[in-house]
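Residue numbers (the numbering used here), protein chains in the order written: chain A, 1 to 142; chain B, 1001 to 1164.
For every residue, glycine included, the Cβ atom is placed at its ideal position computed from N, Cα and C.
Input: a single structure, listed below in structure tokens.
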């Protein structure tokens, strides 16, 4: 690899600090794009007729789309190439028409053999504050 | 077959190519418009040799970058992914398959042009009762390694069957 530099300033970060929020309105087009780009063609995400036949109100979002959107926010915050781990638990389905917003909150700092590592609680919620997925990211700071 | 008998079974193995077109399209699909995923010069400015793959890319990699001509021998002895067999078995009595948890551990950042070899294994299976329904958790781990055999990304994830 080349020479990736951390974006976060370790000394200036404090527990409780928040990263920038990314908000995105989920549309059916988002789901079709994600299906095509990821290869996940489960019809529950792209085929309204099949989804309704299965008893759902409409198609619903891929969990991995949500994780990808939140991953974008974490990357924009910490800088490309600075993620050390990123894990979530999926708690609720996402639905077209919802506005999804990312949340990044610093929960810890540790300087060790691996460098200056910042831990953050990360989550994605809709306009009503319903959490869709939540987890932890660890990133390198400089 | 007893549920415990599935623990330790390989889920599969394969070789994936990280291709620029696929990476740029994937980045767009997760709403990330950064030049770093598209423009070689922007990637170099960010400290990479080539555009990096977005954080969740490896989850989709086997669907995007697999070439039939360079795949390793089948590690499932022709039986296919044992997780699929188990889920098919559980779904005979109805229910729903859910993706419960997903974690990525980054040892290095995957980059376009790289060829990664992945192999997966079932690491745990357990059941829980919730609201009168049986939840069966299948925990899996997939490791992606570079041309030198060094781990690049480790994925730990589960799929859950929620009984009808």
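Residue i, enclosing alpha helix (DSSP H) - first and last residue
i: residue 34 of chain A; result: 28-38
i: residue 1062 of chain B; result: 1057-1064
i: residue 65 of chain A; result: 63-78
i: residue 110 of chain A; result: Not the alpha helix (DSSP H): residue 110 of chain A falls in the beta strand (DSSP E), residues 99-112.
i: residue 50 of chain A; result: 48-53
Exposure label - residue i; buried when at least 16 CB within 10 Å
i: residue 20 of chain A; result: exposed
i: residue 27 of chain A; result: exposed
i: residue 49 of chain A; result: exposed
i: residue 1155 of chain B; result: buried
i: residue 1131 of chain B; result: exposed
i: residue 1153 of chain B; result: buried
i: residue 1158 of chain B; result: buried
i: residue 1129 of chain B; result: exposed
i: residue 1164 of chain B; result: exposed
i: residue 1012 of chain B; result: buried
i: residue 1 of chain A; result: For residue 1 of chain A, the predicted model reports a pLDDT of 45, less than 50, meaning its position is unreliable; a value from the coordinates is still stated below. Per the 10 Å Cβ criterion, exposed.
i: residue 1106 of chain B; result: buried
i: residue 16 of chain A; result: exposed
i: residue 1058 of chain B; result: buried
i: residue 52 of chain A; result: exposed
i: residue 11 of chain A; result: exposed
i: residue 71 of chain A; result: buried
i: residue 34 of chain A; result: buried
i: residue 1041 of chain B; result: exposed
i: residue 98 of chain A; result: buried
i: residue 94 of chain A; result: buried
Per DSSP, cross-strand counterpart(s) of residue i
i: residue 1018 of chain B; result: BP columns for residue 1018 of chain B are empty, so no partner.
i: residue 136 of chain A; result: A:87, A:121
i: residue 1105 of chain B; result: A:85, B:1154
i: residue 1144 of chain B; result: B:1118, B:1153
i: residue 1007 of chain B; result: According to DSSP, residue 1007 of chain B bridges with nothing at all.
i: residue 43 of chain A; result: DSSP lists no partner for residue 43 of chain A.
i: residue 1134 of chain B; result: B:1129
i: residue 131 of chain A; result: A:125
i: residue 25 of chain A; result: A:99
i: residue 115 of chain A; result: A:112
i: residue 6 of chain A; result: DSSP lists no partner for residue 6 of chain A.
i: residue 1124 of chain B; result: B:1139
i: residue 141 of chain A; result: A:116
i: residue 1013 of chain B; result: B:1119
i: residue 1052 of chain B; result: B:1111
Span of the beta strand (DSSP E) around residue i
i: residue 1045 of chain B; result: No beta strand (DSSP E) holds residue 1045 of chain B; the alpha helix (DSSP H) holding it covers 1040-1045.
i: residue 15 of chain A; result: Note, residue 15 of chain A: premise wrong, no beta strand (DSSP E); not H, not E.
Distance CB(residue i)-CB(residue j) smaller than 8 Å
i: residue 123 of chain A; j: residue 134 of chain A; result: yes
i: residue 1116 of chain B; j: residue 1070 of chain B; result: no
i: residue 1036 of chain B; j: residue 1051 of chain B; result: yes
i: residue 1018 of chain B; j: residue 1112 of chain B; result: yes
i: residue 8 of chain A; j: residue 142 of chain A; result: yes
i: residue 117 of chain A; j: residue 1055 of chain B; result: no
i: residue 1121 of chain B; j: residue 1010 of chain B; result: yes
i: residue 1060 of chain B; j: residue 39 of chain A; result: yes
i: residue 103 of chain A; j: residue 125 of chain A; result: yes
i: residue 91 of chain A; j: residue 139 of chain A; result: no
i: residue 1103 of chain B; j: residue 68 of chain A; result: no
i: residue 24 of chain A; j: residue 45 of chain A; result: no
i: residue 1109 of chain B; j: residue 81 of chain A; result: yes
i: residue 78 of chain A; j: residue 1026 of chain B; result: no
i: residue 105 of chain A; j: residue 13 of chain A; result: no
i: residue 1161 of chain B; j: residue 1080 of chain B; result: no
i: residue 1140 of chain B; j: residue 1123 of chain B; result: yes
i: residue 1047 of chain B; j: residue 42 of chain A; result: no
i: residue 1021 of chain B; j: residue 1072 of chain B; result: no
i: residue 1023 of chain B; j: residue 1053 of chain B; result: yes
i: residue 1100 of chain B; j: residue 89 of chain A; result: yes
Residue i Cβ short of 7 Å to the ligand GTP heavy atom set
i: residue 1016 of chain B; result: No copy of the ligand GTP occurs in the structure displayed, which carries no ligand at all.
3 or more residues per run - each beta strand (DSSP E) lying fully within the region 1064-1089 of chain B:
none
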